[in-house]
Structures are given as structure tokens and as C-alpha cells.
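Colleague: Chains as they are written, first to last, in our numbering: chain A, 1 to 257; chain B, 258 to 514. Idealized CB from N, CA, C, for every residue including glycine.
Number of protein chains: 2
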Amino acid sequence: MSRTTALEILAVPGIPMIEAGDDLAALVAEGLARASLKPRENDVIVIAQKVVSKAEGRRVDLAAVTPSARAIELAREVQKDPRLVELILSESVRVVRSRPNVLIVEHRLGFVMANAGVDQSNVAAPDGPQFALLLPVDPDGSAAALRQRLATLCGVQPAVVITDSFGRAWRRGTAGVAIGAAGLPALLDLRGNPDLFDRPLQVSISGFADEIAAGASLVMGQGNEAQPVVLMRGLAWNAPANPAAELVRPAAEDMFR
Amino acid sequence: MSRTTALEILAVPGIPMIEAGDDLAALVAEGLARASLKPRENDVIVIAQKVVSKAEGRRVDLAAVTPSARAIELAREVQKDPRLVELILSESVRVVRSRPNVLIVEHRLGFVMANAGVDQSNVAAPDGPQFALLLPVDPDGSAAALRQRLATLCGVQPAVVITDSFGRAWRRGTAGVAIGAAGLPALLDLRGNPDLFDRPLQVSISGFADEIAAGASLVMGQGNEAQPVVLMRGLAWNAPANPAAELVRPAAEDMFR
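Quick look at the structure:
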């Protein structure tokens, strides 16, 4: 396998506040041009979920949400707005854990995560109408579409990773993870490669796109989307592409839900 | 908070095979000098756990291990070498999940991880005596000592992160995590910082050192330690240092063990 020896993670400057319908790939291409960054093959464009969701119109006005009886009951337990809980349930296939201030669900895409990714940060001013933002409908599809559009605009086809910050079992603090990917192996299977002593590697399936997301998150900044687009340059891989859906452990294999 | 806009992650070249008693910091300093990399404040030296463990003499000859009755019974269930299981149990406070080929424990330092980090890859040739490598006794202490020694050798005091690759609940593939840290906030609490609309951020405690570890892992290579030391340059933070022990969620707060 080709080796990564030097990696650059660069903020793409000047990405504006994103509105529904914006041509996000064009804004990324403009930002890259502004920074005199000419995309190359094997570059990875890493994009925060929030700007993808906004461009795709996934913002919901809470005033338009009518909570179900189940949402009202669960909202009482977890001490959240029943309309928010209604949105969370509508994005989920089941509740994994609920406690005051905690609602961990299995998102319809299989992600085990807090609040089904439904978020109110960076969405609207606190004194106006209240909005919430949902994950993209199909983040792997979004990544593939962004990649295709970037190829048209830039002439080369970088890989694309869409990131979110997830809490983890057993560990405190959130970390960047990949919810969408195109053009690289989100899950990288190295089993059978030799170790330094030519002993086959045993635990050698890497959450490659999750590590990309976590590294990019160091530049995006935590919880804030002032730098929502990042270019990662210098990464080598030598395996077929697969989507971020591959990073989701099927419930039947999972010992912790 | 000061902003990270460009991050470099560079392999430190020429780190030799590490033996017990090696002056790891001196080898890192030599590697940096070889690459004409002069350490700076706010640089992070990221070091794979395996080379730290080797330098600290944490290699155990399996021939010297006598498995207990409990280890023999558990080894039968998980289909592993009873001597290896004995070592795993000796490094653990309890078994979290066991199945054929799976042994997830709570390590004595609180890490919920496979095999208590006891590993046979990159330790010895498959046809000779069989060795296993344990985690450092005190990885935060190891990081602090390496940092101190690097300061003496280099004149500036970089931060140090010691990494391992952990499997995760709910997601496939491993990702780099920090098991030791010195000189930076392993857990970075941003609660109360404003979002883009001056709404206080809500979920804003970042597993900062875990994201550093994951990003560095992209350069170290997965499962192989040909590039076990990495320099991360360009990272900005503005919070007091805390150790990697802060990343461990106390069992009493944890909903998934």
C-alpha cells in the first residue's frame, strides 16, 4: 500500500452562510480558487454536515411541528421540547437510551447518535422563530453528488467526506465521524497485510473516513461551523471506494445497543 | 479561541525498531533533526503506544505465563491462547463482553477496549518465541516524561499524545484514540462559547486528543508501526492542559457497559 508521509489539512476560506438551494460545490470551488488551491486527485474535500443539510433545505420550523403523544411523553422524560423530540423520533428507527437531557437513538441510516443529529446550534438567532436542522436524507448520495459537481467545476475529482460530531460509548467528548463519503474507502480492510515481522495483521479494519473526519474536525473547530469546509491533501490509499454506510455496524453484529 | 486554519501531520523519519530501555525521546529528537524539523511550542508529537510500551519493557514472553483456571475457561469461550487471556485479565478490572474471537474488557485504566490492548502484532517473528505487548503502566505519565525529556533535548516543550487504535461501539473499523497526553487539553470543554448566532453551544465538549490521535493515525498507517512517530503542527488551543484520563467516561456515567 502506498504510504502517507505528509498530510495537510487546510481550511477552505470564505464559505458564506449557506441557504437552501445554494450550489455548495460551486461555493467550495470558489473558496479553493480564492486560496489558490487547485484540487488534485486524492485530495479529500471534507464538509460539515450542517452546511450540506442547509443547502439541501433540511431546516424545519419548529412552529410547524405537531408532537405525537409518544413525543410528548418522551419529551417529559428527557426534558426537551416535544416538537424537537417529534423530529428526532421521525428521523429514528428506535430509542437506544433515554434519560433526563439524554436521548440516544438509532437514526434511520443506522447511526447510533444523540438526538438523531437534529440540532439547533448555528441554525437561527435565539430571539426569532425556532428552527432545527436534520441530517441530509442520503449523506452518501450527497457526497457522491458533491464529488460529481466538483469534478465538473474543477476538472479533477477529489474524494468527498461529510462529517458530523458524535458522542461515543465509554469515552467523554465528541469526535468527528463520517456520515457520507465518495471516492475513497470509508472502511479500509487491511486484513492479511503483513506486519513488520511478516505476521499477518489481525485487527486491521480501519474506520478510514472516520479518522479523516476527526482530523478535519481539528480545523473545522468544535461545534462551530466558521470553517465548515476543509481540504485534506497528501493522503494515500490503495483500495476500492466504499460509502460511509459501510462504517455502520449492523445491529445484528453489535453488542452495545 | 485562537483558530486552527492549516494543520500539517508529518511522519518523523527513521525511527528504528525500539527495544526495552531505549531513550525514545532522543530517537524522536534525532528523527526530527534528520527531517530538519525544529520543534516549536504548540507542536504535538504523536507516538504510537507500541513503541512506548517496547521502550518501557512491557513485552512479555508467553512461555513465562501460567494461565489461571478462569483464564483457561474464558480462553475456551473466546478461542484465544489461555496465556494471552491470562495477561488480558491481569490488565483488566472486568470483562465487558466475551464471544468467540471477541474479548472486550475494562482495562485497569478505565479504557473499554478489546483484549486490554494486549497485542501480538509487530512484536516478534511468528516462528520464534511468542511475545505479547501490554499497554504502558501509566500512559499519561509516559507522555509527561517524554515531553519533559523532549524539552531538555530540543529546548522547546511540544505537547505529547500517545495513541492506540480502538474498536468502537456501533461503528465498524478501528480509529486512533489517545491513551496518554501531556501539554494539551485531551478533553476540551467549549460549553458556553457562542455559536454563529451567539446562541451558546450545547454539545461542545470535544475529545480533542482523540481527534489528534485519529488524524495522526492516517499518517502512522493502520496496524503497522513503520511510521510510529508523527509531528502535528499548526494546532491552536486555548484551554488548560488535562491528561488522557479525562477522556475516560467514568463507569457510573456510562450507559453502555
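(1) For residue 278 of chain B, count neighbouring Cβ atoms within 10 angstroms of its own Cβ and tell me buried if that reaches 16, exposed if not.
(2) Since residue 436 of chain B is in the beta strand (DSSP E), which residue starts that stretch and which ends it?
(3) Consult DSSP for residue 165 of chain A and reduce its assignment to one of helix, strand or coil.
(4) Residue 219 of chain A versus chain B: which residues are under 8 Å apart at the beta carbon?
(5) Against chain A, with Cβ distances strictly below 8 Å, would residue 431 of chain B count as a contact?
(6) Report yes or no: is there a C-beta of chain A within less than 8 Å of the C-beta of residue 513 of chain B?
(7) Identify, in the order they occur along the chain, each residue of the same chain with its Cβ nearer than 6 Å to the Cβ of residue 258 of chain B, setting aside the five sequence neighbours on each side.
(8) Grouping DSSP H, G and I as helix and E and B as strand, with all else coil, what is residue 329 of chain B?
(9) With a threshold of 8 Å between beta-carbons, can residue 437 of chain B be considered close to chain A, or not?
(10) Cutting at 7 Å between CB atoms, please list the residues of its own chain near residue 247 of chain A, excluding the five before and the five after it.
(11) Would you list, in chain order, the members of the segment 278-299 of chain B that have their beta-carbon closer than 9 Å to a beta-carbon of chain A?
(12) Name, going along the chain, the residues of the segment 79-98 of chain A whose beta-carbon falls closer than 7 Å to a beta-carbon of chain B.
(13) Name, in chain order, the residues that DSSP records as bridge partners for residue 353 of chain B.
(14) Anything in chain B within Cβ reach of residue 248 of chain A, meaning under 9 Å, just list it in chain order.
(15) Out of curiosity, what's the CA-to-CA distance linking residue 514 of chain B and residue 363 of chain B?
(16) Report the neighbours of residue 18 of chain A on chain B: residues whose CB is nearer than 7 Å to its CB, in chain order.
(17) Mind listing the chain A neighbours of residue 318 of chain B? Cutoff is C-beta to C-beta under 9 Å, in chain order.
(18) Do you know how far the Cα of residue 55 of chain A is from the Cα of residue 24 of chain A?
(19) Tell me which same chain residues have a C-beta within less than 8 Å of the C-beta of residue 98 of chain A, skipping the five on either side of it?
(20) Along the chain, where does the beta strand (DSSP E) containing residue 150 of chain A start, and where does it finish?
(21) Does residue 330 of chain B get closer than 8 Å to chain A when you measure Cβ to Cβ?
(22) On a CA-only basis, which of A:116, A:134, A:111, A:242 is nearest residue 160 of chain A? Give me that one, please.
(23) When burial is assigned at 16 or more other CB atoms within 10 Å of the CB, is residue 70 of chain A buried or exposed?
(24) Go ahead and label residue 100 of chain A buried or exposed: buried means 16 or more other beta carbons lie within 10 angstroms of its beta carbon, across all protein chains shown.
(25) Listing by chain order, which chain A residues have their CB less than 8 Å from the CB of residue 468 of chain B?
(26) If you count every other CB in all the chains shown that lies within 10 Å of the CB of residue 4 of chain A, and 16 or more means buried, which is it?
(27) Compare the C-beta of residue 462 of chain B against all C-beta atoms of chain A and say whether one is closer than 8 Å.
(28) Check whether the segment 168-175 of chain A and the segment 141-150 of chain A touch, using three or more Cβ-Cβ pairs below 8 Å as the test.
(29) Check whether the Cβ atoms of residue 507 of chain B and residue 304 of chain B sit closer than 8 Å, and answer yes or no.
(30) Any beta-carbon of chain B closer than 8 Å to the one on residue 112 of chain A?
(31) Does chain A have any CB closer than 8 Å to the CB of residue 492 of chain B?
(32) Return the CA-CA distance between residue 72 of chain A and residue 341 of chain B, expressed in angstroms with no decimal places.
(33) Run through the segment 465-504 of chain B for me and flag every whole alpha helix (DSSP H) of 4 or more residues, listed as ranges in chain order.
(34) Less than 8 Å between the beta carbons of residue 267 of chain B and residue 488 of chain B, yes or no?
(35) Could you tell me whether any Cβ in chain A is nearer than 8 Å to the Cβ of residue 373 of chain B?
Modeller: Let's see:
(1) Taking all protein chains shown into account, residue 278 of chain B has fewer than 16 neighbouring C-beta atoms within 10 Å of its C-beta and is therefore exposed.
(2) Per DSSP, the continuous beta strand (DSSP E) segment holding residue 436 of chain B begins and ends at 432-439.
(3) Residue 165 of chain A falls in the strand class under three-state DSSP.
(4) Residues of chain B with a Cβ closer than 8 Å to the Cβ of residue 219 of chain A are, in chain order, 261, 262, 263, 264.
(5) Yes, residue 431 of chain B lies at the interface with chain A (some Cβ there is under 8 Å from its Cβ).
(6) Yes, contact with chain A.
(7) Bear in mind that a pLDDT of 46 at residue 258 of chain B, under 50, signals an unreliable position, so the number given afterwards is only what the model happens to contain. Within the same chain, residue 258 of chain B has close Cβ partners 495.
(8) Helix at residue 329 of chain B.
(9) Contact of residue 437 of chain B with chain A is not assigned, every C-beta pair being separated by 8 Å or more.
(10) Result list for residue 247 of chain A: 178, 186, 187, 207, 209, 210, in chain order.
(11) Going along the segment 278-299 of chain B in chain order, one finds no residue with a Cβ nearer than 9 Å to chain A.
(12) Residues passing the 7 Å Cβ filter: 97.
(13) For residue 353 of chain B, which the question treats as bridged, DSSP gives no partner whatsoever.
(14) The answer, in chain order, is 427, 428, 429.
(15) Each residue's Cα considered, the two are about 9 Å apart.
(16) Those do not exist, as residue 18 of chain A stays about 11 Å from chain B at its closest Cβ, beyond 7 Å.
(17) Those within 9 Å of residue 318 of chain B in chain A number zero; the least Cβ separation is about 15 Å.
(18) About 7 Å.
(19) So the qualifying residues of the chain are 74, 77, 78, 104.
(20) Per DSSP, residue 150 of chain A lies in no beta strand (DSSP E); the unbroken alpha helix (DSSP H) holding it starts and ends at 139-154.
(21) By this cut-off, residue 330 of chain B is not an interface position.
(22) It is A:242.
(23) For residue 70 of chain A, the number of other beta carbons within 10 angstroms of its own is below 16, and it is reported as exposed.
(24) Note on residue 100 of chain A: under 16 other CB atoms within 10 angstroms of its CB, so exposed under the neighbour-count rule.
(25) Here the neighbours are 175, 176, 214, 215, 217, 218.
(26) Counting the other CB atoms within 10 Å of its CB gives residue 4 of chain A a total of 16 or more, which places it among the buried residues.
(27) Yes, residue 462 of chain B lies at the interface with chain A (some Cβ there is under 8 Å from its Cβ).
(28) The segment 168-175 of chain A, when compared against the segment 141-150 of chain A, does not touch it at the 8 Å Cβ threshold.
(29) With contacts defined as CB atoms closer than 8 Å, residue 507 of chain B and residue 304 of chain B fail to qualify as a contacting pair.
(30) Yes, contact with chain B.
(31) Taking Cβ atoms only, chain A reaches closer than 8 Å to residue 492 of chain B, which makes this a yes.
(32) Between residue 72 of chain A and residue 341 of chain B, the C-alpha separation is close to 51 Å.
(33) If you keep only unbroken alpha helix (DSSP H) runs of at least 4 residues inside the segment 465-504 of chain B, you get 465-477.
(34) In this structure, the beta-carbon distance from residue 267 of chain B to residue 488 of chain B falls below 8 Å.
(35) Chain A, which has no Cβ nearer than 8 Å to the Cβ of residue 373 of chain B, makes this no.
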